[in-house]
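Notes follow once the structure below has been shown.
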Amino acid sequence: MTNLAEVTRKRVSKIHAGELSSATWVTAALFLILALFIIMNPAEFGTASNLSNIALDASILLVLAVGGTYVLITGGVDLSIGSVLVFSSVAGAKVMQHFGGAGGDAVIGGLAAALVAGAGWGFINGFVITRMRVAPLVVTLGTLGMALGFALMWAGGNDLQGVPPNLVYRFGLGNILPGIPAVATVAAFVALVAGVVLAWTKFGRYTYAIGSNSESSKRAGIAVDRHLIKVYMLGGLLAGLAGFLSLARFGTTSIAGHNLDNMNALTGVIIGGTSLYGGVGKVFGTVIGTLIPAVLQNGFVIAGLPPYWQQVAVGAVLIFAVYLDRARRDAELS
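Using this note's numbering, the letters of the sequence shown map in sequence onto residues 151 to 484.
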């Protein structure tokens, strides 16, 4: 009879094989989409400047999606990150206006306000989920509406200005090196640090363990509720950072421009191989996954297609990715 250790070893092997297969097909799909658009319009799509624009477009989404990756790995979900981004950008813009919309104090104050606002919403999500035992889907759906509603009331229903020009032109639209946007560099650094933490630290191991089996994690001595609050706060903190990056890039809160952030970020995470059932996922997959919506949006614009086709395409890809996730889970359990 096969012993427990052998069964466990085989299941872990299946999970690793599934992650490798997912990363392979997602990367292949990205290159296929890139190749298709380059063939359709090489003079515009395949240029270095346009590829740089794609990286810039994906950067804010990537920062959001990294936080979403951690949450999904625990077996939860955070539908509020797009609204938290908007609320955080409003908080940052208000503080910048308070400092006169210029100078280093305005930038530092705006960044701090955005991060605190984001982490605060993350704490609310985590606290209600763990202490009041309300399902993550319900809690974050509620805070999605609350954060957006408070943001609109605070901003008076209008986009806020007052972002320091130097922040926009030197950072939001500037480059660290020729052809490498500063915002994209920050997003890449966030993804790198998050990937290392997830793969090599106790925090990452606890995150995977809780997503695999929260009850076993409790018996093993992991403070599950406390860790979940930290994970949701991390998701909120990164949403706050994304809100600040959005301010730097656009020079305004651009509230309407973030309508699809929740769907696009969640799509990127799931396309990248993070399981809706918890316990499986990598930041590298999320990086590749978030590039796909950005490439589709850019390619459709260059091809002259109506923008709503991008929403249709991303929605279809999301459904297909969830189907693959379910098929992979069934294979692991067989």
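Glycine included, each C-beta is placed from N, C-alpha and C at the ideal position.
Chain-order list of residues whose beta-carbon lies under 6 Å from that of residue i (same chain, five-residue window excluded)
| i | result |
| --- | --- |
| Y427 | R479 |
| D255 | F249 |
| G260 | G242, V245 and M246 |
| G401 | V313 and V318 |
| A252 | P314 |
| I452 | N191, E194 and F195 |
| T177 | I438 |
| A349 | none |
Same chain only: Cβ atoms within 7 Å of residue i, ignoring 5 sequence neighbours per side
| i | result |
| --- | --- |
| V467 | T417, I421 and I442 |
| A241 | A263, A264 and A267 |
| I274 | T293 |
| A131 | The chain is shown from 151 up to 484; residue 131 falls before or after that span and cannot be answered. |
Reduced DSSP secondary structure (H/G/I, E/B, other) of residue i
| i | result |
| --- | --- |
| N325 | strand |
| I372 | coil |
| V522 | A question about residue 522 goes unanswered here, because the residues of the chain that appear run from 151 up to 484. |
| G431 | coil |
| A359 | helix |
| L229 | coil |
| L186 | helix |
| R402 | It is Thr, not Arg, that sits at residue 402 in the sequence shown. The answer is coil: DSSP assigns T402 none of H, G, I, E or B. |
| F450 | helix |
| E365 | helix |
| V313 | coil |
| S238 | helix |
| N414 | helix |
| N409 | coil |
| R478 | helix |
| V288 | helix |
| R283 | coil |
| P456 | coil |
| S209 | helix |
| N203 | helix |
| T174 | helix |
| F138 | The chain is shown only over 151 to 484; residue 138 falls outside these bounds and no answer can be derived. |
Cβ shell of residue i (< 8 Å), same chain only, five flanking positions each side left out
| i | result |
| --- | --- |
| A415 | L211, L214, A215, G218, I231, G232 and T440 |
| L154 | Unreliable positioning characterises L154 in this predicted model, as indicated by a pLDDT of 35, which lies under 50. The coordinate reading is nonetheless provided below. Counting only Cβ-Cβ distances below 8 Å, and skipping sequence neighbours, we find nothing. |
| I204 | L441, A444, V445 and N448 |
| S367 | Y356, A359, I360 and V374 |
| V284 | V278 |
| I183 | I442, V445, L446 and G449 |
| L302 | I405 |
| V157 | Reliability of the predicted coordinates at V157 is poor, the pLDDT of 37 falling under 50, and the value obtained from them is presented with this limitation in mind. Contacts found: none. |
| L180 | I438, L441, I442 and V445 |
| L378 | T224, G226, G276, I279, T280 and I360 |
Distance, residue j Cα to residue i Cα
| i | j | result |
| --- | --- | --- |
| A243 | L298 | 15 Å |
| G196 | Y458 | 23 Å |
| L323 | K380 | 32 Å |
| N363 | F237 | 33 Å |
| R159 | G354 | Low local confidence applies: a pLDDT of 45 at R159 is under 50, so the model's placement there is unreliable, with the coordinate-based value given in what follows. Each residue's alpha carbon lies about 20 Å from the other. |
| R281 | I189 | 54 Å |
| V430 | T424 | 5 Å |
| S404 | D309 | 6 Å |
| G272 | L395 | 18 Å |
| L474 | T436 | 15 Å |
| A477 | A471 | 10 Å |
| S334 | K432 | It is Ala, not Ser, that sits at residue 334 in the sequence shown. Distance between the alpha carbons of A334 and K432: 19 Å. |
| A305 | A370 | 47 Å |
| L287 | A341 | 25 Å |
| Q461 | T351 | 37 Å |
| T290 | D228 | 5 Å |
| S202 | E365 | 45 Å |
| Q311 | S239 | 11 Å |
| V343 | Y220 | 13 Å |
One or two residues paired with residue i in a DSSP bridge
| i | result |
| --- | --- |
| I330 | L327 |
With 16 other Cβ atoms within 10 Å as the buried cut-off, status of residue i
| i | result |
| --- | --- |
| A398 | buried |
| P456 | exposed |
| M383 | buried |
| P192 | exposed |
| G386 | buried |
| V224 | Sequence check: residue 224 is Thr here, not Val. That one is buried. |
| A337 | buried |
| T152 | Here the model assigns T152 a pLDDT of 44, short of 50, so the residue's position is not dependable and the matter cannot be decided. |
| N409 | exposed |
| A269 | buried |
| G390 | buried |
| L327 | exposed |
| V346 | exposed |
The ligand ZN heavy atom lying under 7 Å from the CB of residue i
| i | result |
| --- | --- |
| I420 | Judged by which ligands are present, the structure shown has none, so any question about the ligand ZN falls away. |
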